[in-house]
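Colleague: Please see the structure below; I have some questions.
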Amino acid sequence: MRFPLAIGTVMAAAILVAVPPVALGTRAFPIAIVRGNSMFPAYSSGDLLVFTGVPTSQSLQNGTVIVFLTGGTGLSILDFLTPPVEIHRIVATVVQPQDGMIYYRTKGDNNEFPDGGLVKANSILGVPALKVPYVGFLLDFVHSQQGMILITAAILFGYLNNQSEVDLEEKQKKKLLALLAKRTMNGEIKESTFGEYEMALNYSGEIRPEELRSLHMASFTHWLGRNPPSVEWRLREEVCPVCGSIAVLVEGSRRQTHVICPWCIEHET
45 MRFPLAIGTV MAAAILVAVP PVALGTRAFP IAIVRGNSMF PAYSSGDLLV FTGVPTSQSL
105 QNGTVIVFLT GGTGLSILDF LTPPVEIHRI VATVVQPQDG MIYYRTKGDN NEFPDGGLVK
165 ANSILGVPAL KVPYVGFLLD FVHSQQGMIL ITAAILFGYL NNQSEVDLEE KQKKKLLALL
225 AKRTMNGEIK ESTFGEYEMA LNYSGEIRPE ELRSLHMASF THWLGRNPPS VEWRLREEVC
285 PVCGSIAVLV EGSRRQTHVI CPWCIEHET
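Numbering (this note's numbering), first residue to last: 45 to 313.
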C-alpha cells in the first residue's frame with residue numbers, strides 16, 4: 045500500500061509545481077522574495093511576491109514594476125523554482141537601432157540612481173500581482189544552512205518516532221500472540237480462535253465491532269479501537285471473573301481490560 049501512496053505524493057508535488065506557472069503564464073515558479081529595501085515603501089525586505097507573466101513582445105510602460113532575471117544557478121530545476129531575480133521599476137525604454145531589440149532601464153524606488161545595466165525583454169519573468177509581507181523571511185530561512193539542518197532533523201525525528209511506534213506495535217502483537225499460541229499448543233484454545241485473534245490484531249482498524257457475529261471478537265475489536273497496539277499493553281494470566289478458569293487479561297490505557305478466556309469462548313452463546 046505504501047508504493048501507490050508514494051506515487052500519489054510525487055504526482056501531487058508535480059502538479060503543485062507545474063500548475064502555478066501555467067495558470068499565471070510564467071517561465072519560472074511565480075514567486076519572488078524581496079531582499080533589501082531598494083523598493084521601499086512599495087515593497088520591503090522579506091515580502092513574498094506572486095507575479096504573473098508578460099509576453100516578451102509586449103511593450104511595458106515606464107513606472108511598471110518588473111521581476112527580472114539577474115543570472116542563473118546553472119541548475120535548471122533551481123532556475124525554475126528559485127531563480128536569482130531583482131524587483132525594480134522601469135524608468136526608461138531603450139531600443140537598439142542596430143537590431144530593434146528592446147531594453148529597459150530600471151531603478152529601485154529607494155535608490156538614488158538607476159541600475160547600472162539594461163534589462164533585456166526576454167529576461168523579464170513577470171509583474172507583481174500579490175504581496176505577502178514577511179513570508180519571504182521564512183522561505184529564506186528554509187533555504188539557509190540552518191533551515192536545512194532543522195528540516196532534516198525534524199524529518200529524521202518524525203521517521204524515528206514513527207519507526208519506534210511501529211516497533212512497539214509489532215512487539216505487543218507478537219507478545220499477545222505468543223501467549224495465545226502457548227494456550228493453543230496446550231489444547232486450551234482452538235486454532236480457529238487463535239486465527240481470529242491474529243486477524244483482529246492485523247485488521248482491527250478496517251473492521252467495525254458491529255460487523256462481527258462472534259461476541260468475543262466484537263468485544264476484542266471494540267477494545268482494540270480504544271487501546272491500539274501503539275498504547276502499551278500489560279499482559280498477565282488471571283482467573284476469569286465469569287467462569288473461574290485461567291484466562292489471559294490484556295490491560296491497556298486507563299486500566300481498560302479485555303479478558304480472553306478459553307472456556308467462555310468455547311461456551312459462547
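Quick reminder that beta carbons are idealized off the backbone N, C-alpha and C, glycines included.
So, does the stretch 64-73 touch the stretch 94-101, judging by three or more C-beta pairs under 8 Å?
Modeller: yes
Colleague: With burial defined as no fewer than 16 other Cβ atoms inside 10 Å of the residue's Cβ, what is the status of E130: buried or exposed?
Modeller: Classification for E130: buried.
Colleague: Look up A76 in the DSSP assignment and give the residues it is bridged to.
Modeller: In DSSP, A76 forms a bridge with L93.
Colleague: Please confirm if the stretch 175-195 is in contact with the stretch 236-246, defined as three or more CB-CB distances below 8 Å between the two stretches.
Modeller: no
Colleague: Can you check DSSP and say which residues form a bridge with E130?
Modeller: Answer is F112, bridged to E130.
Colleague: Write down every uninterrupted run of the beta strand (DSSP E) in the stretch 243-297 whose length is 3 residues or greater and which is fully enclosed by it, in chain order.
Modeller: List check, beta strand (DSSP E) in window: 278-283, 290-295.
Colleague: Does the stretch 163-170 come within contact of the stretch 96-114, defined as at least 3 CB pairs closer than 8 Å?
Modeller: The answer is yes - the stretch 96-114 touches the stretch 163-170, with three or more Cβ pairs under 8 Å.
Colleague: For T301, does the three-state DSSP call read helix, strand or coil?
Modeller: strand
Colleague: Flag E232 as yes if its beta-carbon sits less than 7 Å from any beta-carbon of chain C, otherwise no.
Modeller: The structure shown contains no chain C; it holds only a single protein chain.
Colleague: Could you tell me the distance, in whole angstroms, from the CA atom of A86 to the CA atom of V78?
Modeller: Going from the Cα of A86 to the Cα of V78 covers about 11 Å.
Colleague: When you compare only the Cα positions, how much space is there between R280 and L183?
Modeller: 53 Å
Colleague: Could you check whether A165 and T100 sit closer than 7 Å to each other, using their CB atoms as the reference points?
Modeller: yes
Colleague: Bridge partners of R227, per DSSP?
Modeller: According to DSSP, R227 bridges with nothing at all.
Colleague: Check whether the Cβ of T237 lies closer than 6 Å to any heavy atom of the ligand ATP, and answer yes or no.
Modeller: This structure simply doesn't include the ligand ATP, nor any ligand for that matter.
Colleague: Nearest CA to the CA of I304: which residue from A291, E214, I251, M145?
Modeller: A291
Colleague: Which residues in the same chain have their Cβ closer than 6 Å to the Cβ of W267, if we skip the five residues on either side of it in sequence?
Modeller: H302
Colleague: DSSP state of I233, grouped into three classes?
Modeller: It is coil, neither helix nor strand.
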